[in-house]
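My numbering puts the first residue of the sequence shown at 335, with every later residue one more than the last. Everything on this sheet refers to the single structure shown next.
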Amino acid sequence: MIISLILLAAVVGIVGFGVALSVRGKRDFAKQNEVVPGMKSPAPASWAGAHSPEAKLHRRLGDAVRAANGNPRLVELGLAEQTKQIESEALAIDERLVAAAGLPTSHRAGAVAEFESQVAALEDAVATLIKSTTVSDSKQLLEQAVSDADVKLQALAEARAEVEALDRSVSGTLAPRMPDVEQGKATG
335 MIISLILLAA
345 VVGIVGFGVA
355 LSVRGKRDFA
365 KQNEVVPGMK
375 SPAPASWAGA
385 HSPEAKLHRR
395 LGDAVRAANG
405 NPRLVELGLA
415 EQTKQIESEA
425 LAIDERLVAA
435 AGLPTSHRAG
445 AVAEFESQVA
455 ALEDAVATLI
465 KSTTVSDSKQ
475 LLEQAVSDAD
485 VKLQALAEAR
495 AEVEALDRSV
505 SGTLAPRMPD
515 VEQGKATG
């Protein structure tokens, strides 16, 4: 009787441990698919480990945002606004990338390939900002690096606005507007 209870307790413990690992693994997998930490991405969960061009671009967006968010010097140097702009642009690119990946196969490759330059520009802006944290000994170099990053982020925002305007004119409808990053975190 005592052996049976010990055996039952061991089995329940092992099953409970397995369930806990499974739940944690699923949660971690979902977090890996987020472009901005804490905000659910419209990308399919399969992109977290897929080798398709759209999945790789999606993961690069997340890596860029995590690099910016993971650098505490950006906040110390008063660059929190640029970090939020990086998040906002990454979310907008990700949303459009997911839409492009949903196109018919004959149009998908070309549509997805167009996002390569946008993702590279975002990565470049992040790299410029991070570089600015290492040259902060010179106020002039810091201001130049931040200005360069601002120009790159502004160019991305303008390109996105042009594409949205083109979409509206072609479809005759309003394209959905990306919510503000802070609003998305509060509601999402």
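Ideal Cβ placement from N, Cα and C applies to all residues, glycine included. All values derive from a computational prediction rather than experimental measurement.
With at least 16 other beta carbons inside 10 angstroms of its own, I420 counts as buried. Boundaries for S375: no alpha helix (DSSP H) harbours it, and the DSSP string shows neither H nor E there.
With a cut-off of 8 Å on Cβ pairs, the segment 342-351 is not in contact with the segment 393-402, counting fewer than three such pairs.
By the C-beta density criterion, E410 is exposed, having fewer than 16 other C-beta atoms within 10 angstroms.
The C-beta distance from L425 to V370 rounds to 6 Å, short enough to fall under 8 Å. Taken through DSSP and simplified to helix, strand or coil, P438 comes out as coil. Each residue's CA atom was taken as its position, placing R400 and G352 some 30 Å apart.
The way I'd put it, the segment 446-456 doesn't touch the segment 376-385; fewer than three beta-carbon pairs between them come closer than 8 Å. One thing to note: L463 has its Cβ no nearer than 7 Å to the Cβ of A435. Look at E423 here: in three-state DSSP terms it is helix. With respect to the C-alpha of L391, the residue from P438, A354 and Q452 having the closest C-alpha is Q452. S386 sits in coil when the DSSP states are folded into three classes, being neither helix nor strand.
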